[in-house]
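Trainee: Here it is: the structure, laid out below.
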Amino acid sequence: AALALGATRWEVIRLSVLPFGRSGIISASMLGLGRALGETMAVATVLSPSFIISLHVLNPGGGTFAQNIAAKFGEADEFGRDALIASGLVLFVLTLLVNGA
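Counting along the sequence shown from 1, when you hit position 77 you're at 216 in the working numbering, and nothing is skipped either side.
Structure representation (structure tokens):
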């Protein structure tokens, strides 16, 4: 309706869509964060705590990204923390790509 009254597309988004959709956006973000944290803790609990690093992708061992982040973040030094944050960013980008497709 705002477009028909002469508002630009940006004005419609800024003055109509965002104010009325704010609660939905916030709740969706909180649900997504809760789901990600819950999945990470479930993965860290269920999988074995063996942290054997393997350079071969198809060989078992090493653990998942989520398991490594949850188990090693508190004990990591500066370089290790940077690597764990980078692996979390990789997980985030993969999630965006999968959900955006």
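From the three backbone atoms N, C-alpha and C, an ideal C-beta is built for every residue, glycine too.
Predicted, not measured: the structure shown is a model, and the values here were computed from it.
What are the boundary residues of the alpha helix (DSSP H) that includes residue 223?
Mentor: Position 84 of the sequence shown holds residue 223. From DSSP, the alpha helix (DSSP H) with residue 223 extends over 217-239.
Trainee: I want to know whether the region 219-237 touches the region 158-168 - three or more CB-CB distances under 8 Å.
Mentor: No, the region 219-237 is not in contact with the region 158-168.
Trainee: Under three-state DSSP, which class holds residue 177?
Mentor: One-based indexing of the sequence shown puts residue 177 at position 38. Correct three-state label for residue 177: helix.
Trainee: Does residue 144 come out as helix, strand or coil in the three-state DSSP assignment?
Mentor: The count along the sequence shown starts at 1 and reaches residue 144 at position 5. Three-state result, residue 144: coil.
Trainee: In whole angstroms, what is the alpha-carbon distance linking residue 184 and residue 154?
Mentor: On the sequence shown, residue 184 is found 45 positions in, with the first residue counted as 1. On the sequence shown, residue 154 is found 15 positions in, with the first residue counted as 1. Cα-Cα distance, rounded: 45 Å.
Trainee: Measure the CB-CB distance between residue 93 and residue 227 and report whether it falls below 7 Å.
Mentor: Outside the displayed range of the chain (140 to 240) lies residue 93, so it cannot be described from this structure.
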